[in-house]
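Colleague: Residue numbers (the working numbering), protein chains in the order written: chain A, 971 to 1450; chain B, -16 to 351.
Sending over a structure as structure tokens; questions will come in a sec.
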Ligand SMILES: Cc1cc2nc3c(=O)[nH]c(=O)nc-3n(C[C@H](O)[C@H](O)[C@H](O)COP(=O)(O)OP(=O)(O)OC[C@H]3O[C@@H](n4cnc5c(N)ncnc54)[C@H](O)[C@@H]3O)c2cc1C
């Protein structure tokens, strides 16, 4: 993976830039000590690292604006950062950049149950948002598995999803407004407590823009009343095709579960050994969860079980209690931890049309055999968002590169069958160079025009999302 | 009038245009002043190109009549989540509403407060920008964060950024049963409090309307027979403090409410005010004419004497769109709510980039 050469002119002005930033910020908000900078040299895509020139951790929208204005005047690139859990290298610094983190901005600014909204500073973690309204019987719906750590800032930037978005949608469907600071320091209020945009729906491009358009400092989020209850059913099959068929049959029958999770044999085995969940020994396993009152849950699980039985499952376990539910989810929830125990892995995030599931799984198995690297599959089957985990040994020479190559082939296959490169993790640097497999030059040009408007100097989060060759002209202009 | 039958012919028509274009689908939503310029009809681009019930996705060309899409979905027991409203009754138009017009105006109905607007169901799009270039964004899968989401940006853009040629939609399973809970005599304050209380329960209320004529307050529940019965009882109990609720099973008045048929043929201008539900009681108190709340108070339909600037009555709460008015009023007051300067700069910047020749410049052009 290639990054642009750091701008020596900027590096030579480091001391002067830092002096200006220090003057604009309270004492602990500027980090420039090389040892302390190491914390910020990467996000959760740890294969790529590069310490930034400095880190600023402003405490308010005004301070964010002051920092950006200075960097804008100095021509210094800025990489916005939330909690640094991006799996796509979205928060990876360049050597000539300043990391602007919102981790000190964690306040809840307003809660209105009457309007079912909460306004927060974006450094707050995803789980803390739900936590803030839990006692009132509410929750914030998008639930990435990283929710204990990841910040709303990163969720908005990546348009993050989670296991329950089949019913509740992803971040963009639960975001009503933002305070956005542009690269030149301008503070823009977009959206608010109302539902529809008055003019162009700017929120829709800001959400998912991966720090390319501005720094989001505050957000108005939709909160929902917690359902009366939820219970899953576990269904095991002796082939992935049959499991895929079952998913499609459930959806066609008019049921919309909150979650349909799929695991294949390597993943079932690893998570079962790790967690002792007691999973069946089979090729493919589904966890289907529905919500409502007890009788409503029974009705839906009854229909789902009927559908599942027609396809001759090797196991069908309907949860009847909170303990049984927890046991069914136990392995799935520890999937990433379990895989991490036995191997290094790369987690892919392509999405495919649900109907392509069996063909896709066969394709992955073929590729896995060809590369000699095992691939375990765990994913959100209801919406076709796959998470193939490529297992490799980081200490073995050349294995990372081989795993990355395999990953690129799998993602290309996702695009070929009608899907996309990334369903919820974002492009970052990881999938940047694959963008041309999904988009024509005209498509990318249209996207870059949006960035031209918000960040004319192309200083925000440089070298991400758009292939370097495609953005070269614009970044060249920026350097002048 | 230009009426291309393919996207490439449409792109060519845009490239060849030597003056402003008025984009039109079925001509059923055009509230803004008739514009100078050549009509560019999208009605020739029709047809459902992909429908996968098992994946809850449908792709269709922009000129496809909504009725054709509804019929295809109904045959499979599925539906659009956002319940698009039909503007014909209110605007006194005939014509055939199309998918493109529906998406370009981000049309949605009572279910919008829980299921989102058109933009929340749009998962992909093809459009032709003002340079005559065909662009795609998103695709046909439900979860997709690959690149900037231009498809959603084009939703509700009213033809300002480009001509929508094809749309991919995410669908929902159909509904077996509907029930409506009704209470009489509530004041606007009490009604908003009751609707809010209902929306704070876990019973998944998918419609919350208050009409001061009566006055009556209506709540909708949808789902399976058994589930709707259960929730109707539970909700009536939970709301007993807020009035006497009677349940009626069956489709109820929701299609008429969605299309604002109660304002059809009315006198004066018609506005849609989008605001925080808790601001609704104070807002309706300041309105000069007939009104009705939807979205639990988050949407107000309001009539006003011709040429009255209703925005002055909002006192900063939310924004107002002019739906039905004479051309002079549309011009004088603006169809869309004015934006604060920093937002307007971004909006203008986008329009200049996507439509450098100003072909779609009669914004807000409201295609159907
Ligand atoms: C174990 C694990 C499990 C995960 N599970 C899921 C999952 O289930 N679903 C899912 O969607 N993701 C998942 N992720 C990915 C990741 O957690 C999400 O992408 C998350 O939203 C990132 O949030 P963050 O605060 O850590 O952002 P960061 O990693 O700090 O940044 C992410 C991106 O956001 C930009 N950004 C950060 N703050 C701002 C701001 N204030 N303004 C503008 N741009 C900003 C950054 O520049 C970067 O491009 C997982 C990650 C891990 C490590």
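Backbone N, C-alpha and C define an ideal beta-carbon position, used for all residues, glycine too.
Residue 24 of chain B and residue -16 of chain B look like a contact to me (Cβ under 8 Å); what is the Cβ gap, rounded to whole Å?
Modeller: If you number the second chain from 1, residue 24 of chain B lands on position 41. If you number the second chain from 1, residue -16 of chain B lands on position 1. 6 Å between Cβ atoms; contact.
Colleague: Show which residues of chain B have a CB atom less than 8 Å away from the CB atom of residue 1171 of chain A.
Modeller: Position 201 of the first chain, counted from the first residue, corresponds to residue 1171 of chain A. By Cβ distance, chain B contributes 89, 102, 135, 136, 138, 139, 140.
Colleague: For chain A, is any of its Cβ atoms less than 9 Å away from the one on residue -5 of chain B?
Modeller: Along the second chain, one-based indexing puts residue -5 of chain B at 12. For residue -5 of chain B, the answer is no, since every Cβ of chain A falls outside 9 Å of its Cβ.
Colleague: Looking only at C-alpha atoms, which of A/1387, A/1395, A/1329 sits nearest to residue 1407 of chain A?
Modeller: Here residue 1407 of chain A corresponds to residue number 437 of the first chain, with the count starting at 1. Nearest option by C-alpha distance: A/1387.
Colleague: Do you know whose CA, among B/33, B/59, B/39, B/115, lies nearest residue -5 of chain B's CA?
Modeller: To locate residue -5 of chain B, count along the second chain from 1; it is residue 12. Nearest C-alpha to residue -5 of chain B: B/115.
Colleague: What number of angstroms, rounded off, separates the C-alpha of residue 349 of chain B from the C-alpha of residue 88 of chain B?
Modeller: For the purposes of this step, residue 349 of chain B is taken as residue 366 along the second chain, with counting starting at 1. For the purposes of this step, residue 88 of chain B is taken as residue 105 along the second chain, with counting starting at 1. Low confidence applies to residue 349 of chain B: its pLDDT is 37, below 50, so where it sits in the model is not reliable enough to give any reading.
Colleague: What is the DSSP secondary structure of residue -3 of chain B, reduced to helix, strand or coil?
Modeller: The residue you call residue -3 of chain B lines up with position 14 of the second chain. Residue -3 of chain B: helix per DSSP, three-state reduction.
Colleague: Going by beta-carbon coordinates alone, are residue 205 of chain B and residue 266 of chain B separated by less than 9 Å?
Modeller: Translated into the one-based positions of the second chain, residue 205 of chain B becomes position 222. Translated into the one-based positions of the second chain, residue 266 of chain B becomes position 283. Not in contact: residue 205 of chain B and residue 266 of chain B (Cβ atoms no closer than 9 Å).
Colleague: Indicate the three-state DSSP secondary structure (helix, strand or coil) for residue 972 of chain A in the structure shown.
Modeller: For the purposes of this step, residue 972 of chain A is identified with residue 2 of the first chain, where counting begins at 1. Coil at residue 972 of chain A, not helix or strand.
Colleague: To the nearest angstrom, how far is it from the Cα of residue 1226 of chain A to the Cα of residue 1218 of chain A?
Modeller: Against the first chain, residue 1226 of chain A aligns to sequence position 256. Against the first chain, residue 1218 of chain A aligns to sequence position 248. Near 11 Å, if we compare the C-alpha coordinates of residue 1218 of chain A and residue 1226 of chain A.
Colleague: Near residue 1182 of chain A, what residues of its chain come up, given a Cβ to Cβ distance below 8 Å and the 5 sequence neighbours on each side ignored?
Modeller: As a first step, residue 1182 of chain A is located in the first chain; it is residue number 212 there, counting from the start. Closer than 8 Å at Cβ, skipping near neighbours: 1421, 1424, 1425, 1430, 1431, 1434, 1435.
Colleague: In this structure, does DSSP put residue 349 of chain B in helix, strand or coil?
Modeller: Here residue 349 of chain B refers to the residue found at position 366 of the second chain. Residue confidence for residue 349 of chain B is low, a pLDDT of 37 falling below 50, so the modelled location carries little weight; the figure read from the coordinates is stated next. Three-state DSSP puts residue 349 of chain B in coil, outside helix and strand.
Colleague: Classify residue 1450 of chain A as helix, strand or coil using the three-state DSSP reduction.
Modeller: Your numbering for residue 1450 of chain A matches position 480 in the first chain. Because the pLDDT of residue 1450 of chain A is 46, which lies under 50, any placement of that residue in the model is unreliable, and the number read from its coordinates should be weighed accordingly. In this structure, residue 1450 of chain A counts as coil in the three-state DSSP scheme.
Colleague: Decide if residue 4 of chain B is buried, meaning its Cβ has at least 16 other Cβ atoms within 10 Å, or exposed.
Modeller: One-based indexing of the second chain puts residue 4 of chain B at position 21. Answer is buried; the Cβ neighbour count reaches 16.
Colleague: Mapping the DSSP letters down to three states, classify residue 388 of chain B as helix, strand or coil.
Modeller: Residue numbering for chain B in the displayed model covers -16 to 351; residue 388 of chain B lies beyond these limits and cannot be assessed.
Colleague: I'd like to know if residue 1250 of chain A contacts chain B, where contact means its C-beta is closer than 9 Å to some C-beta of that chain.
Modeller: For the purposes of this step, residue 1250 of chain A is taken as residue 280 along the first chain, with counting starting at 1. Cβ-Cβ to chain B under 9 Å: no for residue 1250 of chain A.
Colleague: I need the DSSP call for residue 6 of chain B, collapsed to helix, strand or coil.
Modeller: Indexing the second chain from 1 puts residue 6 of chain B at position 23. Correct three-state label for residue 6 of chain B: strand.
Colleague: Out of B/59, B/202, B/36, B/183, point me to the one whose CA is closest to residue 1085 of chain A's CA.
Modeller: In the first chain, counting from the first residue as 1, residue 1085 of chain A sits at position 115. Selected option, being the one with the closest Cα: B/183.
Colleague: Roughly how many whole angstroms lie between the Cα atoms of residue 341 of chain B and residue 335 of chain B?
Modeller: Here residue 341 of chain B corresponds to residue number 358 of the second chain, with the count starting at 1. Here residue 335 of chain B corresponds to residue number 352 of the second chain, with the count starting at 1. Distance between the alpha carbons of residue 341 of chain B and residue 335 of chain B: 7 Å.
Colleague: State the Cα-Cα distance for the pair residue 972 of chain A and residue 297 of chain B, rounded to the nearest angstrom.
Modeller: Here residue 972 of chain A refers to the residue found at position 2 when the first chain is read from its first residue. Here residue 297 of chain B refers to the residue found at position 314 when the second chain is read from its first residue. So the two alpha carbons sit approximately 53 Å from each other.
Colleague: Which residue wins for smallest C-alpha separation from residue 1359 of chain A, given the options A/1040, A/1265, A/1318, A/1123?
Modeller: Taking the first chain and counting its residues from 1, the one referred to as residue 1359 of chain A is at position 389. Of the listed residues, the one whose Cα sits closest to residue 1359 of chain A is A/1318.
Colleague: So, using beta-carbon positions, are residue 1029 of chain A and residue 1052 of chain A closer together than 9 Å?
Modeller: Numbered from its first residue, the first chain carries residue 1029 of chain A at position 59. Numbered from its first residue, the first chain carries residue 1052 of chain A at position 82. Not closer than 9 Å, so no.
Colleague: Looking at the C-beta of residue 1358 of chain A, does it have a partner C-beta in chain B at a distance below 9 Å?
Modeller: For the purposes of this step, residue 1358 of chain A is taken as the residue at position 388 of the first chain. Answer no: the Cβ-Cβ gap between residue 1358 of chain A and chain B never drops below 9 Å.
Colleague: Just to confirm before moving on: does the CB-CB distance between residue 1056 of chain A and residue 1357 of chain A stay below 9 Å?
Modeller: Counting from one through the first chain, the residue named residue 1056 of chain A turns up at place 86. Counting from one through the first chain, the residue named residue 1357 of chain A turns up at place 387. Not closer than 9 Å, so no.
Colleague: With respect to the alpha helix (DSSP H) encompassing residue 1407 of chain A, which residues constitute its N-terminal and C-terminal limits?
Modeller: Sequence index remark: in the first chain, residue 1407 of chain A carries index 437 (1-based). First-last of the alpha helix (DSSP H) with residue 1407 of chain A: 1405 to 1408.
Colleague: Using 8 Å as the cut-off, classify the Cβ of residue 1340 of chain A as near or not near the heavy atoms of ligand 3, replying yes or no.
Modeller: In the structure shown, ligand 3 is absent; the only ligands present are ligand 1.
Colleague: Looking at the structure shown, is residue 176 of chain B part of a helix, part of a strand, or coil, going by DSSP?
Modeller: The residue labelled residue 176 of chain B in the question sits at position 193 within the second chain. The answer is helix: DSSP assigns residue 176 of chain B an H, G or I state.
Colleague: In this structure, how does DSSP classify residue 85 of chain B when only helix, strand and coil are distinguished?
Modeller: Start at 1 with the first residue of the second chain, and residue 85 of chain B comes out as number 102. In this structure, residue 85 of chain B counts as helix in the three-state DSSP scheme.
Colleague: Using 8 Å as the Cβ pair cut-off and three pairs as the minimum, do the region 1224 to 1239 of chain A and the region 1127 to 1146 of chain A touch?
Modeller: Output reads yes: the region 1127 to 1146 of chain A touches the region 1224 to 1239 of chain A.
Colleague: Hey, does residue 149 of chain B have any beta-carbon neighbour from chain A nearer than 9 Å?
Modeller: Here residue 149 of chain B is taken as the residue at index 166 of the second chain, counted from 1. It does not: the Cβ of residue 149 of chain B has no partner Cβ on chain A nearer than 9 Å.
Colleague: Output yes if chain A places a C-beta closer than 9 Å to the C-beta of residue 20 of chain B; else output no.
Modeller: Working through the second chain from its first residue, we reach residue 20 of chain B at position 37. Not one chain A Cβ lies under 9 Å of residue 20 of chain B.
Colleague: To the nearest whole angstrom, what separates the beta carbons of residue 91 of chain B and residue 107 of chain B, a pair I think is in contact under 8 Å?
Modeller: Here residue 91 of chain B refers to the residue found at position 108 when the second chain is read from its first residue. Here residue 107 of chain B refers to the residue found at position 124 when the second chain is read from its first residue. Rounded, the Cβ-Cβ distance is 18 Å, inconsistent with contact.
Colleague: I need the straight-line Cα distance from residue 1270 of chain A to residue 1201 of chain A, nearest angstrom please.
Modeller: Translated into positions along the first chain, residue 1270 of chain A becomes position 300. Translated into positions along the first chain, residue 1201 of chain A becomes position 231. For residue 1270 of chain A and residue 1201 of chain A, the distance between alpha carbons rounds to 10 Å.
Colleague: Between residue 152 of chain B and residue 307 of chain B, is the Cβ-Cβ spacing less than 9 Å?
Modeller: As a first step, residue 152 of chain B must be located in the second chain, where it is residue number 169. As a first step, residue 307 of chain B must be located in the second chain, where it is residue number 324. No, Cβ-Cβ distance for residue 152 of chain B and residue 307 of chain B is not below 9 Å.
Colleague: Apply the 10 Å Cβ neighbour rule to residue 322 of chain B and answer buried if 16 or more other Cβ atoms are within range, or exposed otherwise.
Modeller: As a first step, residue 322 of chain B is located in the second chain; it is residue number 339 there, counting from the start. By the neighbour-count rule (16 or more Cβ atoms within 10 Å), residue 322 of chain B is buried.
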